[in-house]
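**Q**
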Amino acid sequence: QKEVEQDPGPLSVPEGAIVSLNCTYSNSAFQYFMWYRQYSRKGPELLMYTYSSGNKEDGRFTAQVDKSSKYISLFIRDSQPSDSATYLCAMSEGDTGRRALTFGSGTRLQVQP
Amino acid sequence: GAGVSQSPSNKVTEKGKDVELRCDPISGHTALYWYRQSLGQGLEFLIYFQGNSAPDKSGLPSDRFSAERTGGSVSTLTIQRTQQEDSAVYLCASSLGGQFWTQHFGDGTRLSIL
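Here you go:
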């Protein structure tokens with residue numbers, strides 16, 4: 037079983053919808069949680085990062101971390117066709133462990149105009 | 081440019097050949113990471129360099145894989161005696177010092193082994 041599980045999708049929504057993307061994980065040592073967006077044939081682009089549990093908002097994006105459930109989410113409000121991409125969650129143990137990122141397999145999102 | 085630069089962008093080679101992939105990190109970023117992205121395995125960590133510290137090689141899949149970082153800047157990932165299962169996109173990322181939570185990625189080298 038992988039350390040980080042992510043539904044591969046594809047997820048198709050109409051423009052303006054609220055999108056919910058999720059990951060679950062098994063390693064309780066993960067302390068840092070990131071969301072990346074990746075367009076076709078491009079490198080991942082960091083959207084947001086969160087330390088430990090809690091919520092963080094940046095414009096149309098909200099990240100949530102629930103360490104007790106080992107579950108993280110990314111919400112996209114007022115989705116746009118330009119949001120169509122693959123979304124990757126990533127996690128790190130941080131300074132007390134392994135700094136390199138462990139990624140989910142990615143969820144493909146398609147926002148229909 | 082201001083971003084992470086990788087070359088070549090595409091590489092096709094025959095099984096058994098050696099390949100070298102190059103990464104030029106963002107200026108001033110002392111941490112550099114290599115990852116591999118393949119259809120079956122997703123994005124996997126390979127190796128991590130931080131300043132003058134010994135690199136974290138724990139993700140290298142076999143001794144055919146090696147990497148070096150010269151002068152604390154440019155890095156080269158070498159794959160010897162390539163196998164078909166080495167076909168993947170090899171991604172490099174860099175970050176400021178210990179800020180591993182803000183890794184900036186290049187667009188990768190797409191490696192195809194015939």
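Chains as they are written, first to last, in our numbering: chain A, 37 to 149; chain B, 81 to 194.
Built from N, CA and C at the ideal position, the CB exists for glycine as well.
Report buried or exposed for Ala99 of chain A, applying the criterion of at least 16 other Cβ atoms within 10 angstroms of its Cβ.
**A** Result: buried.
**Q** Compare the Cα-Cα distances from Ser199 of chain B to each of A:Ala136, A:Leu82, A:Ser115, A:Ser64 and report the closest residue.
**A** A query on residue 199 of chain B cannot be resolved here, the shown segment of chain B reaching from 81 to 194 and no further.
**Q** State yes or no: is the beta carbon of Tyr113 of chain B nearer than 8 Å to at least one beta carbon in chain A?
**A** yes
**Q** For the pair the region 110-120 of chain B and the region 118-126 of chain A, tell me if three or more CB-CB distances fall below 8 Å.
**A** no
**Q** Going along the chain, which residues of its own chain have a beta-carbon closer than 6 Å to the beta-carbon of Asp40 of chain B, five neighbours each way excluded?
**A** Residue coverage of chain B in this structure runs from 81 to 194, which leaves residue 40 of chain B outside it and unanswerable.
**Q** How would you list, in chain order, the residues of chain A whose beta-carbon sits under 9 Å from the beta-carbon of Gly188 of chain B?
**A** Arg77, Lys78, Gly79
**Q** Show which residues of chain A have a CB atom less than 8 Å away from the CB atom of Phe145 of chain B.
**A** Residues of chain A passing the Cβ test: none, with the nearest at roughly 15 Å.
**Q** If you run the structure through DSSP and keep just helix, strand and coil, what is Pro117 of chain A?
**A** helix
**Q** Using CA atoms only, rank isn't needed, just tell me which of B:Ser85, B:Val84, B:Lys91, B:Ala82 is closest to Ile193 of chain B.
**A** B:Lys91
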